[in-house]
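Written below as structure tokens is the structure these notes are about.
2 protein chains.
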Amino acid sequence: MNFDQKKMEVIRFLILAAQREGERILQDLTKSIGITPAQSEVIHILDLYEPMSLKELGSLLICESGSPSRLVSTLVQRGFVIRKENREDRRYVSLQLSPLGKEKAKEIKSVDEKMYEAMVPNFDSRKMSALYDALVDVFKDHPSAEALKKRKLI
Amino acid sequence: MNFDQKKMEVIRFLILAAQREGERILQDLTKSIGITPAQSEVIHILDLYEPMSLKELGSLLICESGSPSRLVSTLVQRGFVIRKENREDRRYVSLQLSPLGKEKAKEIKSVDEKMYEAMVPNFDSRKMSALYDALVDVFKDHPSAEALKKRKLI
DNA sequence: CATAATTAAATGACATGTCATTCATCTAAT
DNA sequence: ATTAGATGAATGACATGTCATTTAATTATG
């Protein structure tokens, strides 16, 4: 392997390691409000964009690429999400938060803020900016960043 | 949320998105040689460091933080790994590759090279270097990078 | 020496991601 | 209008990650 390829390997591993660590932190935090990271993302998106179909939801989720049928099913079972049939085109479903889901969305907002507040002091601000710029630069034209663009985060 | 916190959020999502996309690519490639990304990492590590215990293996894996009992069990079942009891301390197991596992390790090396060869041209070299530097800079003193250090990748 | 504390590994439980397949509905082509 | 193709969603299958608990072996303590 040449130099660039070795760098690419390290990038891959660092991204994997960072994702895992972030996921564990988030798992711990979301557990405190009785949900999971993936469920948290779904509720957050629905809070911002409801009503929407499963396909639209999937296109905004970063945590999952396919259509999040199961993820949504558990949220319906737990009473956070209301799933209706779309009258105009019955292939689609219409998803929106229940009152309970709206409540949970507020808790999620507070947990997320706490998380970022806790994380930021652990990183040098300049280095974080450099990482931000580098990540955006490399991935902004990649399909993996599509959902982020749609959500206007980049 | 303040500016830094928003940046942190985007960093988290970009890392998640990149990890997922990388995983899908690797899934596709490793499938062509009949294994999975996680199995590939275990065989690769054993090829370099065998014999070793489950605990040691776990400390070198980036894909999993706990002890990879199940992961190794499936590899034992498929005949890639030999699991013996450590005579001196019978709490430990001693893991090493079977001849079949050694063969697979060669295939993995070739697949990995192909992957990085294919990936590198899709990224601007300068941007990749910037991302590499930023990632190493931010994570080199974090626990998530421990395994990478032990493997002398950073 | 006997027992308590520690440690490595295995296992049960749960939620996920991914892919392939199936089912129902809608659209397009003839 | 009928049928073939396309599309959204649900589901089966498989392999993972994580945590909590259990089991077996070793070490430390009194």
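Top line first, the protein sequences correspond to chains U and G.
My numbering applies: residue 33 is where the first sequence begins, and numbers increase by one.
My numbering applies: residue 33 is where the second sequence begins, and numbers increase by one.
Think of the CB as a built atom: it goes at the ideal place given N, C-alpha and C, for glycine as much as any other residue.
Residue-level contact to chain U via CB, residue i, 8 Å cutoff
i, result
"Leu78/G", "no"
"Val152/G", "yes"
"Val42/G", "yes"
"Val170/G", "yes"
"Ala137/G", "no"
"Gln71/G", "no"
"Tyr148/G", "yes"
"Ser46/G", "Rather than Ser, the amino acid found at residue 46/G in this sequence is Leu. Yes, Leu46/G counts as interfacial toward chain U."
Residue i at chain G interface by Cβ criterion, 8 Å
i, result
"Lys182/U", "no"
"Leu163/U", "yes"
"Gln194/U", "This structure gives no information on residue 194/U, because the portion of chain U shown stretches from 33 to 186."
"Gln37/U", "yes"
"Ser97/U", "yes"
"Gln51/U", "yes"
"Gly54/U", "yes"
"Leu167/U", "yes"
"Ile94/U", "yes"
"Ile140/U", "no"
"Glu245/U", "Only positions 33 to 186 of chain U appear in this structure, which leaves residue 245/U out of reach."
Contact set for residue i: own chain, Cβ-Cβ below 8 Å, skip 5 residues either direction
i, result
"Gln59/U", "Thr68, Pro69"
"Cys95/U", "Pro69, Ala70, Glu73"
"Met160/U", "Val152"
"Ser85/U", "Asn118, Tyr124, Val125, Ser126, Leu127"
"Lys182/U", "Ser91, Leu92"
Beta-carbon proximity check, residue i vs residue j, cutoff 8 Å
i, j, result
"Gln37/U", "Tyr124/G", "no"
"Val143/G", "Leu92/G", "no"
"Leu132/G", "Gly111/G", "yes"
"Val168/U", "Ile186/U", "yes"
"Ile232/G", "Ser130/G", "Nothing can be reported for residue 232/G: it is not among the residues displayed for chain G, which extend from 33 to 186."
"Glu145/U", "Met33/G", "yes"
"Ser97/G", "Lys87/G", "no"
"Leu46/U", "Leu180/G", "yes"
"Ala137/U", "Ala162/G", "no"
Helix, strand or coil at residue i [DSSP, three-state]
i, result
"Lys159/U", "helix"
"Glu73/G", "helix"
"Arg115/U", "strand"
"Ser91/U", "helix"
"Ser126/U", "strand"
"Met40/U", "helix"
"Met151/U", "helix"
Beta-carbon contacts of residue i that lie in its chain and below 7 Å, excluding the five residues immediately before and after
i, result
"Glu135/U", "none"
"Pro83/G", "Ser126, Leu127, Gln128"
"Lys21/U", "Here chain U comprises residues numbered 33 to 186, so residue 21/U is not present and cannot be evaluated."
Any non-hydrogen atom of the ligand FAD closer than 7 Å to residue i Cβ
i, result
"Leu132/G", "Of the ligands one can find in the structure shown there are none, so the ligand FAD has no counterpart to examine."
Beta-carbon proximity list for residue i, same chain, < 6 Å, skipping 5 on both sides
i, result
"Phe35/G", "none"
"Lys116/U", "Ser126"
How do the stretch 104 to 121 of chain G and the stretch 166 to 181 of chain U stand: do at least 3 beta-carbon pairs fall below 8 Å, yes or no? no
Between the stretch 34 to 54 of chain G and the stretch 73 to 85 of chain G, do at least 3 Cβ pairs fall closer than 8 Å? no
Between the stretch 50 to 70 of chain U and the stretch 47 to 59 of chain G, can you find at least three pairs of beta-carbon atoms closer than 8 Å? Touching, yes, given that three or more Cβ pairs across the two stretches are closer than 8 Å.
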